[in-house]
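Written below as structure tokens is the structure these notes are about.
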Amino acid sequence: MNNAFLSTSMRWARGAIKRRIRRGSWAYIPWLLVWLPPLIWMAGNLSFNVRATELWPVLIPILAVAIQIIYPTLLGWAILFIPSIFFAGGALISVIITAPVRIHKDQFGALLVSSIAALVYLMINGALWFALPGAPQAANAKPAPATGVGPSSPPEA
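Shown next, in the form of structure tokens:
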């Protein structure tokens with residue numbers, strides 16, 4: 010393997026799992042509150058066909074949120090954000106595609122509920138976007154040495 014490629018990929022991997030600032034950890038709680046009803050519904054539907062020990066994948070999002078609150082990383086944020094984008098996009102496309110049929114059948118209540126649900130999922134994604142973990146602050150950062158070149162250098166005579 011190319012040594013430069015390995016070095017670059019290791020830098021990317023370290024950057025993805027490096028601990029980040031907890032700025033925006035509040036966004037994971039509303040995310041969990043919005044995602045719990047579909048998870049509970051899915052677990053209820055699955056419980057008729059599978060054993061209780063096979064329902065552990067339903068707990069993965071809850072575990073991911075807990076880990077992200079305790080140890081925020083860019084990888085954890087992406088694990089939560091990317092499926093949320095797909096889910097919200099699917100909800101929005103569903104509302105757009107089914108709106109004419111629901112209007113024709115006078116199902117305005119169903120259209121309103123699905124539109125509000127899609128809007129809530131989009132707002133949660135917006136909150137997650139702003140909760141993107143920031144880079145860690147250097148606690149003992151030293152200023153760069155003066156080079157004599159640049160705006161802070163004295164004018165030459």
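Sequential numbering from 10 applies to the sequence shown in the numbering used here. Even for Gly, the Cβ is constructed at its ideal location relative to N, Cα and C. Predicted model, so just to flag it, every value in this text is computed and none were measured.
Can you give me the start and stop residues for the alpha helix (DSSP H) that residue i sits inside?
| i | result |
| --- | --- |
| residue 99 | 83–113 |
| residue 70 | 69–79 |
Which of the three DSSP states, helix, strand or coil, is assigned to residue i?
| i | result |
| --- | --- |
| residue 33 | coil |
| residue 175 | Because the chain is modelled from 10 through 166, residue 175 falls outside the range shown and cannot be assessed. |
| residue 130 | helix |
| residue 20 | helix |
| residue 11 | coil |
| residue 116 | coil |
| residue 149 | For residue 149, the predicted structure reports a pLDDT of 47, less than 50, and the residue's modelled location is therefore unreliable. A value from the coordinates is still provided. Coil. |
Out of the options, which has the shortest C-alpha to C-alpha gap to residue i?
| i | options | result |
| --- | --- | --- |
| residue 48 | 14, 96, 79 | 96 |
| residue 45 | 35, 125, 15, 70 | 70 |
| residue 123 | 102, 41, 20 | 102 |
| residue 90 | 17, 138, 78 | 138 |
| residue 37 | 76, 20, 115 | 76 |
Since I believe residue j is in contact with residue i (beta carbons under 8 Å), could you give me their beta-carbon distance rounded to a whole number of angstroms?
| i | j | result |
| --- | --- | --- |
| residue 142 | residue 82 | 7 Å |
Counting C-beta neighbours from all protein chains within 10 Å, is the total for residue i 16 or more, i.e. buried, or is it exposed?
| i | result |
| --- | --- |
| residue 99 | exposed |
| residue 15 | exposed |
| residue 12 | exposed |
| residue 80 | exposed |
| residue 85 | buried |
| residue 106 | exposed |
Please report whether the beta-carbon of residue i lies at a distance below 8 Å from any beta-carbon of chain D.
| i | result |
| --- | --- |
| residue 86 | Any reference to chain D falls outside this structure, which holds one protein chain only. |
Would you check whether the ligand GTP has a heavy atom nearer than 7 Å to the C-beta of residue i?
| i | result |
| --- | --- |
| residue 37 | Questions concerning the ligand GTP fall outside what the structure shown contains, since it holds no ligand whatsoever. |
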